[in-house]
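Written below as structure tokens is the structure these notes are about.
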Amino acid sequence: MRIPLDYYRILGLPLAASEEQLRQAYSDRIVQLPRREYSITAISSRKQLIEEAYVVLSDSKERSRYDQIYLAHAYDPDRAAHTSGLENRAENNSRNHDVQSLSIEIAPEELVGALLLLQELGEYELVLKLGRPYLVNKNGVGVKVGSHRSGEEYSASPELSDIILTVALACLELGREQWQQNHYENAAISLETGEELLMREGIFPSVQSEIAADLCKLRPYRILELLALPQEKTKERRQGLELLQNILEERGGIDGAGNDQSGLNIDDFLRFIQQLRNHLTVTEQHKLFEAESKRPSAVATYLAVYALIARGFTQRQPALIRQAKQMLIRLGKRQDVHLEQSLCALLLGQTEEATRVLELSQEYEALAIIREKSQDSPDLLPGLCLYCEQWLQQEVFPHFRDLVRKQASLKDYFADAQVQAYLEALPTDSQTTHEWSAINNQPLTPPPINSPRYHNHNHATTRPINHTPDPELAEPVSREVPESGHFSLPRWHTSPRPNGSQTPEMPGEHSPTAEVVAKGNHQHMNVPTQTTAPGQLQKRKRRKPTAANNRGVGEYRPSQSRPRRTFAHSLDAKTRLVWMVFLSLGGLLVFWLLVSTAFGWLNNLFFPRPSLQGEPLAIELSQPPISIPDPNSEPEVAEGILTNAIAQEVIQTWLSTKAAALGPNHEINRLDQILTGSALSQWRLIVQQDIKDSRYRTYEHDLKVEFVNQIPSVADNAVVEATVKEVTQFFELGQNKKSSQERLRVRYDLIRKEGTWRIQGMSVVQNLGVSQ
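To convert, note that position 371 of the sequence shown is 371 in the UniProt record's numbering; the numbers rise steadily by one, no gaps.
Okay, here's the thing in structure tokens:
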């Protein structure tokens, strides 16, 4: 069979590579080893193809003929095909190369080696195309991919397990590549294909775990992609909701401490939920967060309240608003939610209760705006109506994908016949009023750490009048996938509230309301001075309510003779209480200082401390107090995670050791200090060959570690990928023959032995350019 490979790609060389570069590339490719899961058969097959490429290119005549056909293909593929056919008929070679597609002919037993080379070159789709049909039709027997095979089948065909492993790894790498390209569902399909293949075969559990870990980290991205689809794609969006439900079950709720293997902590997951809300409809959020609030969850309760209010207002279902009001009662035992309670009472037509609860709120900015808009009224009802409309329009509706363009009008809401019928039948909720009174008499306590009003001092913007417990994210999900797989999301901003609790911020939205709060209380909220609802209220106040009249907010106005507790009176009482607390604390502090001073004086008088005896330590600035290790000594690696700094030191040690071993002194024994296994034996052979040929080299290296991959379950093994720039001077018989410069991306397989990291294998992942 033919494989689309050419000899230059196999060795990772350009067409103009010199003989020395050819030998160096061959030596490097031979010592590079694939993953440890591969068998000796697969490694030997790969080595055989590399040796064949080296044999053809190292022979000047064969290389000249190959270069002619190679260049003919590059400039005239049709002529190259004709030339290749004539030469193949003229010479009866054991190995023909079809240069029209730059392919080589291989035996069936060499397929696994060719697939390995293609995978190292990043040709993952080609690996799947060539490998999967081979699994189905091996030796002409129809074997279904993924069907469980017995041990006898693997013994009879040892390369079969290597081909399965190569196909699974190609699925893994293809999925990661699609993940980086923001094609999350395609990435999931690729990863699931590889995982299913290995699970049904029952082999390579370590690779299965690696694929499963990537699938778990990919789930939040898949959920966002699926739920962002148009609402007509119900099947895909339902799949996204199912994935979200699975994550919530594994975490134990929105603010749960369970591990869903996604890499998101509680704060990151709250940001993820907030970003997710913009892709959900009001009905979907109502169903989701109402179920989550029963765990119980303070965050889910807040989100359910806003979903209930939004759905109740837009769908003209006051019963849902009443349900939100009952949920706010539970939240009021810990946090100041009087403003939200007041708005719910207003939407239920309970205007007297709305103004009474509003005065208990400590949202001073909102109260100032409401009072300003109610200057010509005996109560706060006109300002509260204006504020309610703007609150719905700016703080509630934008969080629902089907309500973004919805307009909030209290006039239309109360004019609806269904709303009027419900409000007329709504009984006086005296029990709720008593519950609120009992709650208001209790001191408010700060919210728990996992509540939506979670405290974070890293804020740079001022919160608008927003009482939603979860802020609008400042930016979308980051499209760059880090090596660790962690979910990159915007920060969670909060600002302190007057009573000591914390409320999230809304960064980045420069609405008129946000500008008002940012500039202080001297600015006025940019809202119309007149709306239909307040005028209608004033007009209906003079009418006698009749059954024929359309009922509105004005019919529920409180009596004007009711004594009202003013805000100034309550503020004076609070100021006096604060001064009394401060004076009491000051007195206690002075008393404690006096007592501690007297106790210390008596203690020194009766129990004097021993004086310092002997000579003081001789510490000089010119001499270090402790010995500093030799920079050329072997690095000491502590037990635990292999960090980028430690990996940088290990790889740098190898490069300096390589320069010493292949240098003029040929310090071959230094290889034992950094290499192990097959890498050690291969490099020893290279150094011995250079000594025999009277050759040596000098190096200049520039190193950059790209990432470190260390599986926690196998802590003594790690994989490091680094970019190495290597400038080489070649000397033979003491004469400088040539020089080369290469820039490679190299993968190093590290193993920890007796507390020291050593390199047991290395491979070139990508040749980033060669200049001579």
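Backbone N, C-alpha and C fix where the C-beta goes; we use that ideal spot for every residue, glycine too. Remember, predicted model here, so these are calculated numbers, not experimental data.
Endpoints, beta strand (DSSP E) assigned at residue i
| i | result |
| --- | --- |
| LEU750 | 735–753 |
| THR698 | 695–709 |
| ILE104 | 103–105 |
| LYS725 | 717–732 |
Nearest to residue i (by Cα), restricted to the options the options
| i | options | result |
| --- | --- | --- |
| GLU372 | PRO296, GLN362, LEU386 and SER361 | LEU386 |
| GLU732 | THR698, ALA257 and ASP749 | THR698 |
| ILE3 | LEU328, SER103, LEU57 and ALA715 | SER103 |
| THR643 | SER678, GLU721, ILE674 and ASP690 | GLU721 |
| ILE369 | VAL764, GLU236 and GLY383 | GLY383 |
| ASP749 | ARG23, LEU577, GLY586 and PRO34 | PRO34 |
| LEU331 | THR351, GLN350, ILE321 and SER297 | SER297 |
| VAL764 | LEU15, TYR7, ARG670 and ALA25 | ALA25 |
| LEU392 | GLU125, LEU117, LEU343 and PRO427 | LEU343 |
| LEU346 | LEU423, GLN48, GLN285 and ARG23 | LEU423 |
| GLY734 | ALA53, SER694, VAL708 and LEU768 | SER694 |
| PRO378 | GLN394, GLU365 and THR355 | THR355 |
| GLU352 | LEU381, GLU365 and GLN335 | LEU381 |
| GLN752 | GLU177, VAL719 and VAL727 | Note that residue 752 corresponds to Arg in the displayed sequence, not to Gln. For the residues GLU177, VAL719 and VAL727, the minimum Cα distance to ARG752 belongs to VAL719. |
| HIS338 | LYS704, PRO205, SER361 and ALA213 | SER361 |
| SER262 | ASP28, TRP683, ALA213 and VAL305 | ALA213 |
Distance, residue j Cα to residue i Cα
| i | j | result |
| --- | --- | --- |
| LEU160 | TYR38 | 11 Å |
| MET762 | GLN180 | 25 Å |
| LEU57 | GLU110 | 20 Å |
| THR281 | PRO230 | 11 Å |
| PHE606 | PHE591 | 23 Å |
| ARG302 | TYR413 | One detail in the question is off: residue 302 reads as Tyr in this sequence, not Arg. Whole-angstrom Cα-Cα distance: 23 Å. |
| LYS406 | ARG311 | 12 Å |
| GLN710 | ARG745 | 18 Å |
| LEU126 | THR193 | 15 Å |
| ALA547 | ASP376 | Residue confidence for ALA547 is low, a pLDDT of 33 falling below 50, so the modelled location carries little weight; the figure read from the coordinates is stated next. When rounded, the distance between both Cα atoms is 29 Å. |
| GLU389 | LEU358 | 16 Å |
| LEU276 | ILE211 | 25 Å |
| SER209 | THR314 | 47 Å |
| SER60 | LEU165 | 38 Å |
| GLN323 | PRO427 | 14 Å |
| VAL727 | LEU655 | 12 Å |
Cβ distance (whole Å) where residue i is taken to contact residue j below 8 Å
| i | j | result |
| --- | --- | --- |
| HIS279 | LEU227 | 4 Å |
| GLU185 | GLU232 | Actually they are not in contact, since the Cβ atoms of GLU185 and GLU232 sit about 17 Å apart, beyond 8 Å. |
| ILE30 | ILE50 | 6 Å |
| GLU201 | SER740 | That pair is no contact at about 44 Å. |
| ASP162 | VAL112 | 4 Å |
| LEU197 | LEU172 | Not a contact, Cβ separation roughly 11 Å. |
| LEU22 | ASP67 | That pair is no contact at about 13 Å. |
Close Cβ partners of residue i (< 6 Å) along its chain, the five nearest in sequence each way excluded
| i | result |
| --- | --- |
| LYS725 | ASP702 and ARG743 |
| ALA107 | none |
| ILE668 | ALA661 and VAL687 |
| GLN341 | LEU328 and VAL357 |
| LEU86 | A caution first: LEU86 carries a pLDDT of 34, below 50, which makes its placement in the model too unreliable to give a value. |
| ASP416 | ARG316 |
| PHE397 | LEU403 and LYS406 |
Proximal residues to residue i (C-beta, below 8 Å), its chain only, five neighbours per side dropped
| i | result |
| --- | --- |
| ARG251 | ALA257, GLY258, ASN259, ASP260 and PHE269 |
| ALA188 | GLY175, LEU215, LEU218 and ARG222 |
| GLU754 | none |
Own chain, CB closer than 7 Å to residue i, minus 5 neighbours either side, in chain order
| i | result |
| --- | --- |
| ALA533 | Its pLDDT being 38, under 50, ALA533 is placed unreliably in this model, and the coordinates cannot settle the point. |
| GLN418 | ARG316 |
| ALA679 | VAL31, ILE759, GLN760, GLY761 and MET762 |
| LYS738 | SER18, GLU20 and PHE730 |
| LEU320 | LEU308, ARG311 and GLY312 |
| LEU13 | GLN21, LEU22 and ALA25 |
Bounding residues of the alpha helix (DSSP H) (the contiguous stretch that carries residue i)
| i | result |
| --- | --- |
| LYS235 | 234–251 |
| PHE313 | 298–314 |
| PHE414 | 410–415 |
| VAL396 | No alpha helix (DSSP H) contains VAL396, which DSSP labels as neither H nor E. |
| SER342 | 338–347 |
| MET327 | 318–331 |
| HIS286 | 282–292 |
| PHE607 | Where PHE607 is concerned, there is no enclosing alpha helix (DSSP H), given that its DSSP letter is neither H nor E. |
| PHE269 | 266–277 |
| LEU5 | Counting along the chain, LEU5 falls outside any alpha helix (DSSP H), and DSSP gives it neither H nor E. |
| LEU160 | 159–180 |
| ARG401 | First-last for ARG401: undefined, no H or E at that position. |
CB contact below 8 Å: residue i versus chain D
| i | result |
| --- | --- |
| ALA645 | The structure shown contains no chain D; it is built from a single protein chain. |
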